[in-house]
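Read through the structure below, which is laid out as structure tokens, and then see the notes.
Numbering (the numbering used here), first residue to last: 2 to 316.
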């Protein structure tokens, strides 16, 4: 009987493949990789994040992530952005494990006529791809707790190249514009599809004493940054990000022709994780006496990070 790859090995394959795909599409990420190398640091991917408009995609993504050993743990709400989010985590005390932050467009927050446009696009995307073989691989894992090398390759390929992708026709310009009037973040989600809209690099692993030093080095390399660092010095979680580049995205015009629209879709985040605190502000410790590093997310921070990729109108 062929040996089975367990979740940890499958997660490592996924991170490698998804990160390589992200690097192909985001020049800022390649610049950041070189910056870390020049600093003598280690390039540690703390987490990736997706946004999707389709609840069925969210459900399949969460189920597929369990094959990687990632479980849904905490939920987050962003009414101003029209997004509902959750984190997918390796449960335990190790904050260095790769995580995924999943955001779902809250269709109930849109006028019904705009929500109908989003559902129409969801249906077109769903009709363009067959997830049946992928679901069969998930079910195989759920029965045995692992996948053979052959099945693992098929699973990772479909996850990264099919599930994390717009598979159907380009978005209608009218849909993009209607959504962007209400939520730039939702518009960017539709334009990109459920691919990583950002990945996040650990500041300390990169060899910097703190997030201010790394953000300054990124600016010196010419990267456009968010104006502020989220999280005060000494707090458990501090974050900032590059601004997503404006990209030409194919859209369907009213007459059926393919045109182009300017959208902001993908960016790079950096993160500083520090010792976790309890509800009364006391420091927390691991069972072995080492500091317990905060491994979750903070809604107040994330809301500002969302601003790094928001497609607005009238620019």
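Glycine included, every Cβ here is placed at the ideal spot set by N, Cα and C. Model, not experiment: these values are computed from the prediction.
Comparing alpha carbon positions, the residue from 173, 299, 306, 272 closest to residue 250 is 173. Under the 8 Å Cβ criterion, the segment 149–162 does not count as touching the segment 112–124, having fewer than three qualifying pairs. Residue range 212–221 is occupied by the alpha helix (DSSP H) that includes residue 215. Residue 105 holds the alpha-carbon nearest to the alpha-carbon of residue 57 among 26, 105, 299, 112. Within the model, the alpha-carbon separation for residue 146 versus residue 313 is close to 44 Å. Taking C-beta atoms under 8 Å as the contact rule, residue 138 and residue 155 qualify, at a distance of about 6 Å. By the neighbour-count criterion, in which 16 or more other beta carbons inside 10 Å mark a residue as buried, residue 143 falls on the exposed side.
Secondary structure in the segment 152–234: the alpha helix (DSSP H) runs of 4 residues or longer, each lying completely within the stretch, are 174–181, 185–193, 212–221 in chain order.
Per DSSP, reduced to three states, the secondary structure at residue 5 is coil, with no helix or strand assignment. For residue 213 and residue 270, the gap between their C-alpha atoms comes out near 13 Å.
Taking the Cα positions, residue 303 is about 32 Å away from residue 153.
The distance from the Cβ of residue 91 to that of residue 171 is about 36 Å, inconsistent with a contact at the 8 Å cut-off. For the options 42, 132, 80, the alpha carbon positioned closest to that of residue 65 is the one of 132. If you compare the alpha carbons of 267, 229, 259, 237 with that of residue 246, the shortest gap goes to 267.
DSSP places residue 133 within a helical segment (H, G or I) once states are collapsed to three.
Short of 7 Å from the beta carbon of residue 20, and not among the five residues preceding or following it, lie these beta carbons of its own chain, in chain order: 46, 200. In the three-state scheme derived from DSSP, where H, G and I count as helix and E and B as strand, residue 237 is classed as coil.
Counting other Cβ atoms within 10 Å of its Cβ, residue 283 stays below 16 and is therefore classed as exposed. Our two residues, residue 51 and residue 197, have alpha carbons roughly 5 Å apart in a direct line. When rounded, the separation of the alpha-carbon atoms in residue 291 and residue 285 is 9 Å.
DSSP lists 270 as the beta-bridge partner residues of residue 242.
With a beta-carbon spacing of about 16 Å, residue 32 and residue 227 fall beyond the 8 Å limit used to define contacts. In its chain, beyond the 5 residues on either side, 52, 198, 245, 264, 265, 266, 310, 311, 312 have a beta carbon closer than 8 Å to the beta carbon of residue 189.
A straight line joining the alpha-carbon of residue 129 with that of residue 193 spans about 16 Å. DSSP places residue 264 inside the beta strand (DSSP E), whose first and last residues are 259–265.
Closest by C-alpha distance to residue 184, out of 113, 35, 80, 5, is 80. At the C-beta level, residue 16 and residue 135 stay beyond 8 Å of one another.
DSSP assignment within the segment 55–98 yields the following whole alpha helix (DSSP H) runs of 4 residues or more, N-terminal first: 56–68.
A straight line joining the alpha-carbon of residue 242 with that of residue 30 spans about 11 Å.
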